[in-house]
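Trainee:
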Amino acid sequence: MVLLDGKKVSNDIKNEIAEQVKKMKANGEKAPHLAAIIVGNDGASLTYVASKVKACERVGFDSTMVRMSNTTSEVELLEKIRELNENPDIDGFIIQLPLPKQIDTQKVLLAVDPNKDVDGFHPMNFGRMALDMSTFIPATPFGILELLDRYGVETQGKHTVVIGRSHIVGRPMSILMGRKGFPGNSTVTLTHSHTKNITQITSQADIIISALGVPNFLKAEMVKDDVVIIDVGITRVPDENSEKGYRITGDVDFENVSKKASFITPVPGGVGPMTIAMLLKNTLLARERQFKI
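Residue numbers 215 to 507, in the working numbering, belong to the letters of the sequence shown in order.
1. If we ignore side chains and look at the alpha-carbon of each, how far apart do Ser407 and Thr416 end up?
2. Which class does Asp363 belong to by DSSP, given the choice of helix, strand or coil?
3. Can you name, in chain order, every residue of its own chain whose Cβ lies under 6 Å from the Cβ of Gly464, other than the five neighbours on each side?
4. Have a look at the DSSP bridge pairing and note the partners of Ala511.
5. Less than 6 Å between C-beta atoms, sequence neighbours within five positions excluded: which residues of the same chain meet that for Ala344?
6. Write down the C-beta distance between Lys330 and Asp363 rounded to the nearest angstrom, noting that I regard them as a contact closer than 8 Å.
7. Mind reading off the beta-carbon distance from Ala419 to Val441? Whole number of angstroms is fine, and I expect it under 8 Å.
8. Considering only the alpha carbon of each residue, which of Leu260, Leu494, Gly384 lies closest to Val376?
9. Please list the terminal residues of the continuous beta strand (DSSP E) segment that includes Phe340.
10. Between Tyr365 and Glu293, what straight-line distance do the alpha-carbon atoms span, to the nearest angstrom?
11. Quick check on DSSP: helix, strand or coil for Val376?
12. Pull up the distance between the alpha-carbon of Met492 and that of Val263, whole angstroms please.
13. Output the residue ranges of the beta strand (DSSP E) runs that lie fully inside the region 216-261 and measure 3 residues or longer, sorted by chain position.
14. Distance, Cα to Cα, Phe505 vs Leu323?
15. For the 8 Å Cβ check, are there 3 or more pairs between the region 235-242 and the region 453-473?
16. Please report how far the alpha carbon of Ile421 lies from the alpha carbon of His373, in whole angstroms.
17. Assign Glu435 to one of two classes, buried (16 or more other C-beta atoms within 10 Å of its C-beta) or exposed (fewer than that).
18. Which residues in the same chain as Asp276 place their Cβ atom closer than 6 Å to its Cβ, once the five residues preceding and following it in sequence are excluded?
19. Have a look at Ile507 and Glu297 and give me their C-alpha separation to the nearest angstrom.
20. Is DSSP giving Ser456 helix, strand or coil here?
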């Protein structure tokens, strides 16, 4: 069994990006600039955005964190997005989700300039991805592809089962794993909460990508020998023995499933670190394209 070490690979990617940024600066070019808008005081969101800012510092990017209060109106947020769209110094920006209930998330994501949408959430970018065109791939799916690529996990002709159909992970992964090229060329089954006989489906899978958010959902009896497991789930489970009072758990019963797997991602330390690394990569792509996809 090979552990797909997202922590190590994400560090490698950050080092590669840092080298590219050094060369850009040596050529007199400006460093890539990533901005993040955060509305409200959600603890997890604040921590996540802070880690993005730290990652920007590490690779030599400029970064801007735009903090807005919990009472921010939709109009105020849309105005801030317009400012970032029109600011030539900002190469890419993200809007940290979730947003307060008074704001229509879909309307906000549609307002982002697709050429600066480094999260890859805009319908134009999603459509380009679905058509195998050059675009920004959402960071988590992009990170999964990179892990499969760097570890040389064979995907051609394989049966990939995706668990979960979110617009951020499940739906894009189902498209990307079926695309031409590598990683891709697999036969994809997309499962969700209404799928019947899910064990029958997962037990036939060569590759399982689980993005359900249900701790320890995937059990050993649901998978076959030598399966490749990508665990995107990340849930805080109460744990009295932990200093923090909780532990981070994935969708997969790691202890038992890992005994049957050929490759598996740990949680934490698997897909999670890859997401920020690929967000940086998308920002570098935005800078290199000079807003031309």
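No residue lacks a Cβ here, since even glycine has one placed at the ideal position from N, Cα and C.
Mentor: Looking at the coordinates:
1. Distance between the alpha carbons of Ser407 and Thr416: 14 Å.
2. helix
3. Asp445, Gly447, Val481
4. The shown model of the chain, from 215 to 507, leaves out residue 511, and the question about it has no answer.
5. Apart from the 5 residues on each side of it in sequence, Ala344 sits with its Cβ closer than 6 Å to the Cβ of Ile389 in its chain, given in chain order.
6. The pair is not a contact, with the Cβ atoms about 26 Å apart (cut-off 8 Å).
7. 6 Å
8. Gly384
9. Annotation: Phe340 is outside any beta strand (DSSP E); the continuous alpha helix (DSSP H) that includes it extends over 337-344.
10. 43 Å
11. Strand at Val376.
12. Their Cα atoms are separated by approximately 14 Å.
13. 247-253
14. Because Phe505 sits at a pLDDT of 43, beneath the cut-off of 50, its placement in the model cannot be relied upon, and the following sentence gives the value as read from the coordinates. Going by the C-alpha atoms only, they are around 18 Å apart.
15. no
16. 6 Å
17. Note on Glu435: under 16 other CB atoms within 10 angstroms of its CB, so exposed under the neighbour-count rule.
18. Ala245, His247
19. Per-residue confidence for Ile507 stands at a pLDDT of 44, beneath the threshold of 50, marking its modelled position as unreliable; the derived number appears in the next sentence. One Cα belongs to Ile507, the other to Glu297, and the distance between them is close to 21 Å.
20. Under the three-state reduction of DSSP, Ser456 is assigned to coil, being neither helix nor strand.
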